[in-house]
Amino acid sequence: MILLRRIIGDVLRQRRREQGRTLREVSAAARVSLGYLSEVERGQKEASSELLGSICDALEVPLSDVLRDVSDGLAVEEAVAAVPPPAQGPLHVTNVAA
Numbered sequence: 001m002i003l004l005r006r007i008i009g010d011v012l013r014q015r016r017r018e019q020g021r022t023l024r025e026v027s028a029a030a031r032v033s034l035g036y037l038s039e040v041e042r043g044q045k046e047a048s049s050e051l052l053g054s055i056c057d058a059l060e061v062p063l064s065d066v067l068r069d070v071s072d073g074l075a076v077e078e079a080v081a082a083v084p085p086p087a088q089g090p091l092h093v094t095n096v097a098a
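Structure follows, in structure tokens:
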């Protein structure tokens, strides 16, 4: 199952790291506890729309940009999930030219 909260967290962490900012800096600017922001980034907590907006404001990144990146990440994960697994069972090789 694809977890949207994990993809959101990955995008937020990537944006924060691209700016060279710490969890402490962003959590203070967003007025959210460092621990909670860490859990959001790790996909362990769902971010409300208000919290997501505050984090984006703290990162000085438009919410629409973050959501676009999340949408792109979700599309990739859906495509990967749609690929059937390789066939299982014994492999029989015949007519092998030497």
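If you use our numbering, the sequence shown corresponds to residues 1 to 98, in order. Ideal Cβ placement from N, Cα and C applies to all residues, glycine included. This structure is a prediction, so every number in the text was calculated from the model and none was measured.
Taking a C-beta distance under 7 Å as the contact criterion, ALA30 and ALA58 qualify as a contact pair. A straight-line Cα-Cα distance of about 12 Å links LEU51 and GLY9. For the pair GLU18 and VAL80, the Cα-to-Cα distance works out to about 26 Å.
As the crow flies, the alpha-carbon of GLY20 is around 44 Å from that of ALA87.
Comparing alpha carbon positions, the residue from ILE7, GLU39, ASP65 closest to GLY53 is ASP65.
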